[in-house]
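Residue numbers (the numbering used here): 110 to 350.
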């Protein structure tokens, strides 16, 4: 149902919600921002110690408190109510005006230019860890984003195409990428807080920084991988395998 909402409608609702949020910050003096910061720190501590039972409890308590705090904001309440109204309106419109399915006759002359859907190698996952298959797989460029969880991408189980691209945008969690020994790479990483490790040559803490490294033969390589990673908090590792 959400796919049927027009982009302009969604953008208007979002802009109004952001304006209300800004107004709420001015009126309240930004007091709730302190709570957001505290609960974000609690979530961060819980995630860093998630292997223990205590870490799991701290993480989920912090996450629940953060969600409840967001739901208490008038701007968030407006956004939810507005989206529900749009959903209801779309549902009624769809019942009154059923979608008309017309037969499609393929023109042989257009066969060379038709679009072919390529299934993504990794699905978008908001919460939870994810990794590529341990078995051999056909290469497809990777472009994913997530909120909480670890991402593991193993490129040693596939034949990498020329100018392959791996793009990961993440919020909280570690990103690990394994690349074959005989492939040149370009690595562009942006971190707000975390550590970046590239092969055995770089091990560096970052605080709201961006770094860019590439292997010496990248410019002339016949097989190469462009890796673009961005995260708010988490460690990034690129290793050979």
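Even for Gly, the Cβ is constructed at its ideal location relative to N, Cα and C.
Query, Result
"Validate contact between the region 172-186 and the region 127-137 using beta carbons, cut 8 Å, 3 pairs", "yes"
"Neighbour-count burial assignment, residue 223, 16 or more Cβ in a 10 Å radius", "exposed"
"CB of residue 281 within 9 Å of CB of residue 244, strictly", "no"
"Validate contact between the region 302-318 and the region 339-350 using beta carbons, cut 8 Å, 3 pairs", "yes"
"Nearest to residue 270 (by Cα), restricted to the options 249, 290, 232 and 259", "249"
"Residue 392, enclosing beta strand (DSSP E) - first and last residue", "No statement about residue 392 is possible, as the shown extent of the chain runs from 110 to 350 and does not include it."
"Stretch pair the region 327-339 + the region 285-295: three plus CB contacts closer than 8 Å", "yes"
"Burial state of residue 313 (16 or more Cβ within 10 Å)", "exposed"
"Separation of residue 186 from residue 176, as counted between CA atoms", "12 Å"
"Residue from 141, 139, 140 and 170 with nearest C-alpha to residue 154", "170"
"Beta-carbon spacing of residue 275, residue 334 below 9 Å", "yes"
"Buried or exposed by the 16-neighbour rule on C-beta atoms within 10 Å, applied to residue 128", "exposed"
"First and last residue of the uninterrupted beta strand (DSSP E) at residue 308", "Per DSSP, residue 308 belongs to no beta strand (DSSP E) and is neither H nor E."
"Nearest neighbour of residue 302, chosen from 343, 145 and 321 [CA to CA]", "343"
"Cβ neighbour criterion (16 or more within 10 Å) applied to residue 319", "exposed"
"8 Å contact criterion, which residue 193 and residue 141 should meet: CB distance rounded", "Not confirmed; about 23 Å, so no contact."
"Endpoints, alpha helix (DSSP H) assigned at residue 225", "That residue, residue 225, is in no alpha helix (DSSP H); it is neither H nor E in DSSP."
"Of the listed residues 137, 158, 161 and 168, nearest to residue 148 (C-alpha basis)", "168"
"Residue span of the alpha helix (DSSP H) that contains residue 162, given as start and end", "162-180"
"Proximity winner among 229, 338, 190 and 247, relative to residue 125 (alpha-carbon distances)", "190"
"Identity of the residue in 297, 310, 146 and 242 nearest residue 266 by Cα", "242"
"Spatial neighbours of residue 229 in its chain, beta-carbon cut-off 8 Å, leaving aside the 5 residues before and after", "249, 251, 252 and 253"
"Neighbourhood of residue 272 by C-beta, 8 Å cutoff - its chain only, sequence neighbours within 5 removed", "333 and 335"
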